[in-house]
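Under this note's numbering, residues 48 to 112 are what the sequence shown spells out, in order.
C-beta atoms are modelled at their ideal positions from N, C-alpha and C, and glycine is treated no differently.
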Amino acid sequence: MKIRIDKAKCVGNARCAAVSAELFPLNDEGYIAVEEIDVPPGMEEAALRGARACPERIIVVEEGK
Ligand code: SF4
């Protein structure tokens with residue numbers, strides 16, 4: 048599973064990092080720091096919850112990759 052994030056549209060409310068700081072690292076300004084994440088085994092649920100937590104809907108989970 049992979050996550051893609053439309054980083055430029057991040058508003059920095061850290062909802063994703065509140066779900067999992069490990070999966071969704073933020074930069075020093077509090078915006079998402081990465082555009083693509085390979086979800087480690089066992090963290091799929093956190094990935095989905097993080098995507099749902101983003102009010103901007105810029106976190107997209109790509110299943111089966
Ligand atoms: S929840 Fe969305 S808008 Fe908020 S910090 Fe994370 S990626 Fe950015």
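What does I52 pair with, by DSSP beta-bridge criteria?
I106
Report the option in E109, G59 and V107 whose CA atom is closest to the CA atom of L73.
G59
Report all residues from its chain with a CB closer than 7 Å to the CB of D85; omit the five preceding and five following residues, and keep chain order.
K49
Counted within 10 angstroms of its Cβ, other Cβ atoms place G111 as buried (16 or more) or exposed
exposed
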